[in-house]
Structure formats: C-alpha cells, structure tokens
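Chemist: Protein chains in written order, with my numbering: chain E, 13 to 311; chain C, 13 to 311; chain S, 13 to 311; chain B, 13 to 311.
4 protein chains.
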Amino acid sequence: MTEDMFENIGLIAKYGDIQVKDCLNLLISFLLKRHLNVFVDASSADLLSHTNINVAANTEALGQNCDLIIVIGGDGTLLQAARLLAKYDVCLLGINLGRLGFLSDISPKEMEKYLGEILNGAYNSEDRLLIYAEVYRDKACLSYCNALNDIVIHRGNLSHMLTFETMIDGHFVNCQRADGLVVATPTGSTAYALSAGGPLIYPSLNALVLVTICPHTLSSRPLVIDGDSHIQITIVHDRIEQAQLNADGVLCQTLIPGDRVIIEKRQHIRLIHPEKHDHFAILRAKLDWSKSIYTHLND
Amino acid sequence: MTEDMFENIGLIAKYGDIQVKDCLNLLISFLLKRHLNVFVDASSADLLSHTNINVAANTEALGQNCDLIIVIGGDGTLLQAARLLAKYDVCLLGINLGRLGFLSDISPKEMEKYLGEILNGAYNSEDRLLIYAEVYRDKACLSYCNALNDIVIHRGNLSHMLTFETMIDGHFVNCQRADGLVVATPTGSTAYALSAGGPLIYPSLNALVLVTICPHTLSSRPLVIDGDSHIQITIVHDRIEQAQLNADGVLCQTLIPGDRVIIEKRQHIRLIHPEKHDHFAILRAKLDWSKSIYTHLND
Amino acid sequence: MTEDMFENIGLIAKYGDIQVKDCLNLLISFLLKRHLNVFVDASSADLLSHTNINVAANTEALGQNCDLIIVIGGDGTLLQAARLLAKYDVCLLGINLGRLGFLSDISPKEMEKYLGEILNGAYNSEDRLLIYAEVYRDKACLSYCNALNDIVIHRGNLSHMLTFETMIDGHFVNCQRADGLVVATPTGSTAYALSAGGPLIYPSLNALVLVTICPHTLSSRPLVIDGDSHIQITIVHDRIEQAQLNADGVLCQTLIPGDRVIIEKRQHIRLIHPEKHDHFAILRAKLDWSKSIYTHLND
Amino acid sequence: MTEDMFENIGLIAKYGDIQVKDCLNLLISFLLKRHLNVFVDASSADLLSHTNINVAANTEALGQNCDLIIVIGGDGTLLQAARLLAKYDVCLLGINLGRLGFLSDISPKEMEKYLGEILNGAYNSEDRLLIYAEVYRDKACLSYCNALNDIVIHRGNLSHMLTFETMIDGHFVNCQRADGLVVATPTGSTAYALSAGGPLIYPSLNALVLVTICPHTLSSRPLVIDGDSHIQITIVHDRIEQAQLNADGVLCQTLIPGDRVIIEKRQHIRLIHPEKHDHFAILRAKLDWSKSIYTHLND
C-alpha cells in the first residue's frame, strides 16, 4: 500500500554498542542522498562521522520534530524509544543488529532495500497499544510509568510470597499468592508473559493478558481481557517489605502492602514495516515452529 | 438496567432427564400467572402437567415465535439450543439442575426470584459469538456446522498422528503434528480448550483462540486472534484414514487428507443474566480459585 | 570402558524403506570383514546384495542366536524390535537414516567408525526398562502387550469423555475425566508423554510417569512414581463404547467400561552406545535448547 | 506394622504462634501420663504451663537426647526442624494447627488418638531425603546449607535476567536464561517446584527434579534425575549484581557471576505417620482432585 511520505527522520542508536556506528552512518548517508531532514538523538551524537547533522537535545525533541524515527538496536532499544515517544504522533521503524527481533525486524543487510521502499511510500503500518500504570499509596499517586510490553508486579526476594488482589472494571477477580503478576499487551505476549506461561496474542488485537508467575493455586490460568479494561492490583500481604513494579523490565516503583496499582491502556505507537511483513513468519522463526521433537513412529 | 420486556417465552428442557419435570411445570405456572405466552419445545411435551400449552413443532419454531427462550438443563443443553437458535433474534436464559454452569447460571432455587426480576426488565444481556465451520473436499463444500464453544479437529485413533496446516487471513501460520486443534470462542475458553492448555478469555472479547492438543513441537503455544479472522485448516498427512471434525463435542464430519476446514465467526446469541451476574464469580466458583495448595512457609 | 565382545550379530532393517538397502549391505560387508557371524531378519531378506547370509526366520530367532542386534531405521523401528527382543539376553544398537533419534543415535556416516570401536569392546551399555500391560475383563485376562515408550489409554472418539480410576500399589489415587492417560517409562518421557505435558526423566532412573491427557481437573499434574509400582486403571464411564489401549502407539486392545488395565515394569533391553554417548547432548539437539526466544532487554 | 518404641520425646512448637500453647501443654500431659521422658525446645519454653519439664538448650540438643521429636506447627516449622535435626538419628512427627500439611498430617483433634497408636508401636515410618548445597567462589567454599524441600537459585531483581549453566555428573546439560532454577526433592515436589510447573514425585522415590522458573527457551521442561546425581550450577551472566540461593525458602547466600553451586543428596530424616497414612489421600485433599471444572456435555 502507498501511504504518507516521510520527510523528517529521527535516528536513535543503541547506547554503548560499538557495532551500531557503521550502521548509523550508512543510514545517514542513505537518507541525505534522498534529501531528507535527518535528526540524531543526543545519545548517539558521538557516533557521528558526518558533520552538520542536526542533533536533537533528547528523545522528546525528536518526537516533536520528526514524522519517522528509526531505531537501530534490538527490541530493548525500540521498547525504550516507544515509551518515550508514545505521546508524539510519530512512526517507529526498527533496524536490528543482525538478530531478528519481534519489533526490530529489518536486518542491516536489508536496510537499504526496505528503507528505499518505505520512503517511497510502500509500507505497512500498525498501531501497538501501550499500557500505563499508576501507583497509589493511601490516596496519593506516588508514581506512574508506561510500557509497550508489560507491567510486572514481582516480589524481589524469595523468602516471602506476594499476596495480591485483582479487580477488573470494578469486579473482584481473585486474591492470589504467587511470585508475581504480568499484565502484558499483545506486543508483550511474546516476551516475559510467554515465559510465565501466557498465550500468544495477535499484535493488533485490542486485548491485555494477565499471567500469574508461579501461582500457588494450581487452577490459575492466564486471563485474556478487553484492551479497554481497568485493572487494579492491591498488595495485601502483611509481611512483605518491598515488592517491585516494573515496566518493560525497568524498575518503576517499590511497593508496600496497601499500595494499589492501576493499569490501563493509554497511548499507542505506530510501527512501520516493509510491505512483505508477516507476523506469523517472525513467530515461526523465533519460536522455531518447524521443529518436531520426535520421529514419526514409522521411522 | 431496565431493558425490553419479554412476552413470548419458549421453554426447552433437557431431554431424558426426569429431574427437570418439576422444574419445567413450576416454571410454566409462574409464567402463566404473569399472563405471558408460553411455548414448549416438542421434545419436552411429554413432561407437561399443564394442558393447553402451546407445543412448538421444533426448536426452530420456538425461535420464530419467541423473544425469550428458557433452557432447563446444564451447559450442554444450552449449547445445543444456542446452535439451533443462533439464526433467530431471541434471547436465551439457562436454568441449571443444581450444579452451577458457565452458561446456565441460575439454580432452580433462585429461579422464581431472578426470573421475576428479569421479566420486570431488570437484567443483563450479553452477546456471545458462534463460529461456523465449512469442510471443503476438492472444491465442493461437503458439510458445515456451527458451535458456541469450539470446533475441534482430532485424530480419532491413536496409532497415527495428525498433520495439519493452519492459515489465518491468508497467511501461513504453521504446519503441525499433534493430536488435534481446538478453535474456541471466548465461551469455549472454559471448556475443552482449557483442558488442552488454553487461556481464559473474557466472554465479550471479540477473539478466538487456537489451542494445539498434545503438540509435537514443544514451543507451540495457544494463539489468540481477532474474532473476525478467517481460519483455514488443511489436513496434510498422507497416511491418516479418518480424522474428526467436532462442533461443541458433536461429530460433524470425518476428514481425509486434503480436506480443508474453513472456520469463521458467524452469528451470535444473546444470553440473559440476572443483574447481579458476575463472570469472575463463576470462574472463582468453578475453578476453585480460593484454593492455595501449600501452606505459608511461616506455618 | 571395555566390555564383552560381540560375535553373533543380528540385523533388522526398517521395513519398506528403500533408503536402508545400501546401509544394510555396507554394514554386512563391514561385519564379514571382521569375520563375525551375521544373521539377517526375514523381513530384510529381499534387501540383501550378499549371498550366503544367514536369514533368521523371524525376529525371535534372531534373539535366540545373536548377542548383538543392530537395527537400521528410526526410533520406531528400534521400539518394535525392542518389544520383540526384550525376552532375550541381547544387546541392541540403533543406526538411524540421517535423522538423530533418541534411541537410534548413530548416523550412517558415523556407522563404520563407531561400530569399529564398539566391536573392539569400547562402548557404553545401558538398561532400559519396558512395561507390560494386561487387560482384565471380569476375571479373565483378555490380552497383554509390552512397551518401551508408553502404554496409553485413550478415548478413540471425541464426543464422549473417558472416565477412569487409578490405583497404585493398592492405593486409590484419583478418578479422572480426560482424553486419556499416558503411562511412560523414562525412555518414553521424550515421546508422547512429553507432548501431553510430562517431565523429562533420565533414562536410567527406575521410575514411571503418569501423564493425564487434557484433564478436566485443572490441578492435575504429572505423577512420577517408583519403577516397581503396580498400576491399575479401571474404565468407569457408563457411556463410552470403546476406548483404546495402545502400546508404543500400536493398538493393543479396545476397552469397555469395567475393564481393568494392570501395568507393571517387566523385562528390560540393553542399549549399546558409542563411548562418547551423552544423553544430554541428544536432548539439547532434539529439544533445541540453545534457542532463546526473546532478545536481551539491553538489545 | 509394629516398630520400635519411643521413650525420649522432644517437642518443638511453632515460634510466636499463640494458638500452639494449648496444644503443646495438652501434648505434654498426654506424654507424662505415659511416663515418657519429655524435652522441650528452648524456643518453646515460655509456652509451658507445666513445671519440671526438661528444656533443651537448642534444637541440636533435642536431637542428641531424643528418639522422637514432635513438631507442632505447619509444614514450615517441620521443614526448619528437619534441616536442623537431619544429622541426628531421630524420628519426626508433625502435628498441624488445623490445616492439613503435606508433612504435618495429624490434626490437633486426632492428636491423642494417633499418638497413642504410634507410641504403642503402630506406625509407618518413611525416609525423606535432604539435599545439600555448597557455594564455591574461586576455589573456596563460601557457604553451605541443607534443604528438605528445595534449593532455589533466583534473580532477586527483575531488571536483569539470570543466565546459568547446569552440569549433572560432570556432563553439560544446558545454559539457560530464566528467572531461576528449583532443585527439589520428592518432598519439595509439592511446594515451589509445583508452582513453577514441576511434576509430583512420590516421596520415597530416590530422585531429584530440576524445574526452570520462567525459562526463555520454550522447549525447557522439568528434568527428573537420579537422587544420587551430582548437580553443579554456575552463574554465567556478566551483568547480574546479585542472585540469591535459598534453601527451603530461607536466604542462604547471595551469588555473583562465576559462583558455582554444588547440590547433592546428603542426609535424610525419618517421618512418622499413623498407620492409616496415605500420601495419595493427602494429594487429593490438598490438590482438590475431585474438582472437575466443566459439566458433562450431556448436561
């Protein structure tokens, strides 16, 4: 499909990875040849071989000035960029460092070919929802964070189990003892939630999944709910000193008994893919679905 | 909430269950006192103590004449009624025989109380999607069936494994060797799909879940997709004599290699519940979520 | 380690597989050069290029005359040979057709190298237990079978669930509704039991595992018990017409309500491996344990 | 069966639980009436209503002087006593506080009845194996601990994943990225290992199970090995600051990259049960195996 053309291109490269330097500069040359406006994130400024490139003060400034942001790195780098850029009306494109990512699906080798097509307007775009967590202690909002993959409540230490109560849209769901709880977006369904036993969710589905980590109750199962649900988790254990609230694997807040965590969909990012993009092809490659472990009985 | 009033009430009772007779006749007396028009399914006619009750020739006739159909029995009876009635614009209400069902959530004891409220217009209604399967051999449609819970493709005999290929919306997903595949609605996510390892899905979510039964590929995981997806399963094994296609546990068609099964959402039913209805309360009761299997370490 | 030398070598080749012919005749030449007595299974006689090779009337005759039986084919061929040969005091060696098996772990390419070492007395041997199932109807023993992988009780048709009661060493364990039950040896723990959710069991452990297939009870878990346990499964469902009893995937007996299946360890086979054999290396290769599905968060 | 008579009885009561006082003193009266020598653990001395009771300086002193130690509390209290007493030749008996435990299976109500039988020599005894972990940094043994349930290696914080390498009996098994690893005894197979997805193991089986917590590799499965195996886990991640080693849920040591944990069976305890004791009955009660979640399809 042919869509809007991009003119102002922001670039973010994985911080501290020497391998990205060549890729970044190659990309800049490629974009300059096409007479596009190029902005580079401040964190990547020291990697520049070119002179006279606009360096944005920070990622937010990129968001304000660009219509396409290209992220060079793995899924982790793109996750971080997405959280910062979700409030701007920009498109994101991920270029990996040779290892296929769920989000960064263009390899350095394919970069020029696919980018050429994309800049000609031939691309797919898809919206990915982000979730937002607010922590309330007594009646005050203590902190908040957003996540493209998941919000995780976890006991940080092994000696004490976490007990927490879940409400969805004002309805009591259950009170569980477990190592923790993952609230994942469809995007996050291929990350930590999957390790914890959750299902795969097609990226465009407007849904969230709650996966309990090491539940005491053996009949606990992952719960898939509407993406517009209002989730409230209350820490009820009387002994735990400090549980953790993490957003995309980054510590957001330590939690104490009585703390309430409100989780809701808010914001989205727009991911750009080559036209041939196929989510199932990525699943097959990353989950190695061609592998059948035992031989035919007629072997 | 106060909604439309029901005037023409159809009654279906579980076939062959002697226990339902009292419940059915009590229900009829209750409805007649309220001056409602009562129609009884032909299969329940011999249970009638009342005379002068309209007996519908079959379930379809009920669908044409009634705006509310009350089903006395368990979830199985309601599933069967739903499949037959999905093409009519009717509401369904389930009264169980003492054992809480996911669908038949009103007990005989509560029947008069809740039915009174419902007939006064105080009730919740929710739409549940049904799926529809068509089997193609060569280019001809061989047979079709609908299901409120699930469509299951399964090898009927143990000696040979089933190999099948899945496409979603025209995209190849994978080729699997397994005992079979469950394609379940949110309603069916608490039935066979759950035994096979699937997640719980909130009933109103517009989604379907594919759960592979005993997959050879250890990285197989349940896949939750949009409810409007077009699913195609092709039997590719060269040796299997006969696989089975079942709809809500009822044999619909035997399958041979090359057969294609097309599965799509089609139709819905409208379930009526008392106002206090709470899906999570039913989950807690049926899945016994209050049970924690091991003691606190400080015991 | 250096062990007993083999002198009388039996050969069994996968029936009906044209690919094995070269491998078989290469193997015979190799053995004749070492002046060993070679016996070929009757089922493989028509594959012989050599003349003057002893053809055994059947697999049992091989068992009586040989001290080492080499099986050319996959795990399925070796399973079948093992069931027939378990009552003889012979060693088994598996040569695969290019695809690594759990049991047939020598590839055609490595055949001469490893066989040379083995015939020089440099090999590992390990005993693998077999289980034995007897079916009782009323008080008569209806049939029996043995298995190196597993005994499986399974409903053959989807419409009706199987209900069965399990006793171990005279103690009632539980009564379950499910698709079936796998009773697996450690050898079988990498086969169907694994697909059904069972654990991996180290081959030499004297243990059995019971894995319920698609259990209705969500707290059902695989149960690992002593290898010398006496297991009794009774079909208790009142409606099922015919369930199936399978041994290593081969139908042994159809079951009706009231039938009792007694399962116990009986017999063993001795598997021969090259000295470098490493069960964990095979697990890593077959289960693809090097695959990590999602990228480091610092990508 | 009638076995040895007990004469010197030690008593340990759950620390800090007011509810145990009555139970402890009732028990002492019962034992004194039978003219048995009673020793009370120092931690329970302030609960005594009786005077002239021998108070042992510590749990080890109980181990030296007693042939039966009765533990009043839950499984947690008995676990702790077992770790301390494993090096003495004593029997342990658990009395719970009203909630059935896997280990503490006698309720206060049944206490006098069953204890009378047991003291008359009518009881079952069973050996339960303990495991022992040693932590090596460079070549020095940093610390060690024993466990009746499990040794758990776990990342204490969410932001960084744990990478570790497992060797069994000198053979490399795999290198995993995960939240952690549970090495459980059969006794521990009903505790944390079960929450993490492990199988049930019959208590008397000489086996251990390794269960990976939230593994990245989707084909990871619990691994059941011989109880006499030598397990070595090496922390290989280059970024993790501090992982945790826990024994029965108690922090034993913080771990850094390069640390090696050696785990082996060592010691056992002898558990005393009433003659009617049945492990499967406890499993049924605690795992709620009578619960079937969905209704018969003929409902």
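C-beta atoms are modelled at their ideal positions from N, C-alpha and C, and glycine is treated no differently.
Nothing here was measured: the structure is a model prediction, and the numbers come from that model.
(1) Roughly how many whole angstroms lie between the Cα atoms of I81/C and V67/C?
(2) Using a Cβ-Cβ cutoff of less than 8 Å, which residues in the same chain neighbour G210/C once the five nearest sequence positions on both sides are dropped?
(3) Around the C-beta of Q256/C, are 16 or more other C-beta atoms found within 10 angstroms, so that it is buried, or is it exposed?
(4) Go to I294/S, then tell me how far its alpha helix (DSSP H) extends in each direction, as first and last residue.
(5) Which whole-angstrom value describes the C-beta separation of L160/C and D260/C, a residue pair presumed to lie in contact below a C-beta threshold of 8 Å?
(6) Check for me: the beta strand (DSSP E) holding N161/E runs from which residue to which?
(7) Please tell me whether I213/C and V185/C are closer than 8 Å, where the distance is taken between their beta carbons.
(8) Ignoring anything shorter than 4 residues or poking outside the region 191–251 of chain E, list the alpha helix (DSSP H) runs there in chain order.
(9) Are the region 268–280 of chain E and the region 138–146 of chain E in contact at 8 Å, needing three or more beta carbon pairs?
(10) Interface residues of chain B around F184/S at Cβ under 9 Å?
(11) Buried or exposed: which applies to A57/B, given that a residue is buried once 16 or more other Cβ atoms fall within 10 Å of its Cβ?
(12) Contact defined as beta carbons within less than 8 Å: I believe G51/E pairs with N20/E. What is the distance between those atoms, to the nearest angstrom?
(13) Going by Cα to Cα distance, which pick from D181/C, A73/C, G75/C and Q31/C is closest to H291/E?
(14) Using 8 Å for Cβ pairs, my map puts I294/C next to D117/C. What's the rounded Cβ distance?
(15) Name, please, each residue of chain E whose Cβ falls closer than 9 Å to the Cβ of S231/S.
(16) If you draw a straight line from the alpha carbon of A190/C to that of C226/C, how long is it in whole angstroms?
(17) Inspect the beta-carbon positions of P120/E and I107/E and report whether they are closer than 8 Å.
(18) Can you tell me which of N218/B, L230/B, A25/B and G270/B puts its alpha carbon nearest to the alpha carbon of L91/B?
(19) Given a threshold of 16 other Cβ atoms within 10 Å of its Cβ, counted over all protein chains shown, does I165/S qualify as buried or as exposed?
(20) Less than 7 Å between C-beta atoms, sequence neighbours within five positions excluded: which residues of the same chain meet that for G110/C?
(21) At least one CB of chain E closer than 8 Å to the CB of D300/S: is that the case?
(22) Counting C-beta neighbours from all protein chains within 10 Å, is the total for N41/C 16 or more, i.e. buried, or is it exposed?
(23) Are there 16 or more other CB atoms within 10 angstroms of the CB of G270/C, so buried, or fewer, so exposed?
(24) Determine, using beta carbons only, whether V273/E and A145/E come nearer to each other than 8 Å.
(25) Would you please state the rounded distance, in angstroms, between the beta carbons of L299/E and S231/C? I believe it to be under 8 Å.
(26) Would you decide whether I245/B is buried or exposed? Buried here means 16 or more other CB atoms lie within 10 Å of its CB.
(27) Going along the chain, which residues of the region 237–250 of chain E sit with their C-beta nearer than 7 Å to a C-beta in chain C?
(28) Roughly how many whole angstroms lie between the Cα atoms of Y135/B and E287/B?
(29) For the alpha helix (DSSP H) containing M123/B, list its first residue and its last residue.
(30) Cutting at 8 Å between CB atoms, please list the residues of its own chain near R167/C, excluding the five before and the five after it.
(31) Q265/E by DSSP, collapsed to three states: which one?
(32) Name the two residues that bound the continuous beta strand (DSSP E) containing D139/C.
(33) Quick one: what's got a C-beta closer than 7 Å to V248/S's C-beta in the same chain, skipping five residues either side?
(34) Which residues share a DSSP beta bridge with P286/B?
(35) At which residues does the beta strand (DSSP E) containing Q31/C begin and terminate?
(36) Look up R278/S in the DSSP assignment and say whether it is helix, strand or coil.
Modeler: Here's the rundown:
(1) To locate residue 81/C, count along the second sequence from 1; it is residue 69. To locate residue 67/C, count along the second sequence from 1; it is residue 55. Between I81/C and V67/C, the C-alpha separation is close to 13 Å.
(2) On the second sequence, residue 210/C is found 198 positions in, with the first residue counted as 1. Excluding its 5 nearest sequence neighbours in each direction, G210/C has C-beta neighbours in its own chain below 8 Å: V194, A196, S201, V221, V223 and P234, listed in chain order.
(3) Position 244 of the second sequence, counted from the first residue, corresponds to residue 256/C. Counting the other Cβ atoms within 10 Å of the Cβ of Q256/C gives 16 or more, which makes it buried.
(4) Position 282 of the third sequence, counted from the start, is the residue given in the question as residue 294/S. That run of the alpha helix (DSSP H) goes H291 to L299.
(5) Here residue 160/C refers to the residue found at position 148 when the second sequence is read from its first residue. Here residue 260/C refers to the residue found at position 248 when the second sequence is read from its first residue. The pair is a contact, with the Cβ atoms about 6 Å apart (cut-off 8 Å).
(6) One-based indexing of the first sequence puts residue 161/E at position 149. Neither: N161/E is in no beta strand (DSSP E) and is coded neither H nor E.
(7) Taking the first residue of the second sequence as 1, we reach residue 213/C at position 201. Taking the first residue of the second sequence as 1, we reach residue 185/C at position 173. In this structure, V185/C does not lie closer than 8 Å to I213/C by Cβ.
(8) Within the region 191–251 of chain E, the complete alpha helix (DSSP H) runs of at least 4 residues are 204–207.
(9) They touch, by the three-pair rule.
(10) Locating residue 184/S in the third sequence gives position 172, where the first residue counts as 1. Scanning chain B for C-beta atoms nearer than 9 Å to the C-beta of F184/S yields D290, F292, A293 and R296, reported in chain order.
(11) By 1-based counting over the fourth sequence, the position of residue 57/B is 45. A57/B should be labelled exposed.
(12) Stepping through the first sequence from its first residue, residue 51/E is reached at position 39. Stepping through the first sequence from its first residue, residue 20/E is reached at position 8. It should be noted that the sequence gives Phe, not Gly, for residue 51/E. Sure, about 7 Å apart at Cβ, within 8 Å.
(13) The residue you call residue 291/E lines up with position 279 of the first sequence. Here the closest residue by C-alpha is D181/C.
(14) Locating residue 294/C in the second sequence gives position 282, where the first residue counts as 1. Locating residue 117/C in the second sequence gives position 105, where the first residue counts as 1. About 6 Å separates the beta carbons of I294/C and D117/C, which is inside the 8 Å limit, making them a contact pair.
(15) Translated into the one-based positions of the third sequence, residue 231/S becomes position 219. Simply T229, L230 and S231.
(16) Position 178 of the second sequence, counted from the first residue, corresponds to residue 190/C. Position 214 of the second sequence, counted from the first residue, corresponds to residue 226/C. A190/C and C226/C: Cα-Cα distance of roughly 6 Å.
(17) Counting from one through the first sequence, the residue named residue 120/E turns up at place 108. Counting from one through the first sequence, the residue named residue 107/E turns up at place 95. The beta carbons of P120/E and I107/E sit closer together than 8 Å.
(18) Working through the fourth sequence from its first residue, we reach residue 91/B at position 79. For L91/B, the nearest C-alpha among the options comes from A25/B.
(19) Translated into positions along the third sequence, residue 165/S becomes position 153. Only buried fits I165/S, as 16 or more other CB atoms lie within 10 angstroms of its CB.
(20) As a position in the second sequence, residue 110/C is number 98, starting the count at 1. Setting aside the 5 residues that flank it on each side, G110/C is surrounded in the same chain by S119 and P120, each with a C-beta closer than 7 Å to its C-beta; the list follows chain order.
(21) Taking the third sequence and counting its residues from 1, one reaches residue 300/S at position 288. Yes, because at least one Cβ of chain E sits closer than 8 Å to the Cβ of D300/S.
(22) For the purposes of this step, residue 41/C is identified with residue 29 of the second sequence, where counting begins at 1. A small fix is needed here, since residue 41/C is Ser in this sequence, not Asn. It counts as exposed.
(23) Numbered from its first residue, the second sequence carries residue 270/C at position 258. Classification of G270/C: exposed, given that the 10 Å Cβ count is below 16.
(24) Translated into positions along the first sequence, residue 273/E becomes position 261. Translated into positions along the first sequence, residue 145/E becomes position 133. One thing to note: V273/E has its Cβ within 8 Å of the Cβ of A145/E.
(25) Residue 299/E sits at position 287 when you count from the first residue of the first sequence. Residue 231/C sits at position 219 when you count from the first residue of the second sequence. Their Cβ separation, rounded to whole angstroms, is 4 Å, which keeps L299/E and S231/C in contact under 8 Å.
(26) For the purposes of this step, residue 245/B is identified with residue 233 of the fourth sequence, where counting begins at 1. By the 10 Å Cβ count, I245/B comes out buried.
(27) Result list: I237 and D238.
(28) In the fourth sequence, the residue the question calls residue 135/B occupies position 123. In the fourth sequence, the residue the question calls residue 287/B occupies position 275. Looking at the two C-alpha atoms, the distance is approximately 5 Å.
(29) On the fourth sequence, position 111 is the one that residue 123/B refers to. From DSSP, the alpha helix (DSSP H) with M123/B extends over M123 to L131.
(30) Along the second sequence, read from residue 1 onward, the residue named residue 167/C stands at position 155. The beta carbon of R167/C lies closer than 8 Å to those of M173, L174, D191, G192, I252, A255 and Q256 in the same chain, with the five residues before and after it left out.
(31) If you number the first sequence from 1, residue 265/E lands on position 253. Strand.
(32) Residue numbering aside, residue 139/C sits at position 127 when the second sequence is read from its first letter. In this chain, the beta strand (DSSP E) harbouring D139/C covers N136 to R149.
(33) Taking the first residue of the third sequence as 1, we reach residue 248/S at position 236. Apart from the 5 residues on each side of it in sequence, V248/S sits with its Cβ closer than 7 Å to the Cβ of T175, F176, E177, C187 and P269 in its chain, given in chain order.
(34) Here residue 286/B refers to the residue found at position 274 of the fourth sequence. DSSP lists Y135/B as partners of P286/B.
(35) If you number the second sequence from 1, residue 31/C lands on position 19. Premise fails: Q31/C is in no beta strand (DSSP E) and is neither H nor E.
(36) The count along the third sequence starts at 1 and reaches residue 278/S at position 266. R278/S: strand per DSSP, three-state reduction.
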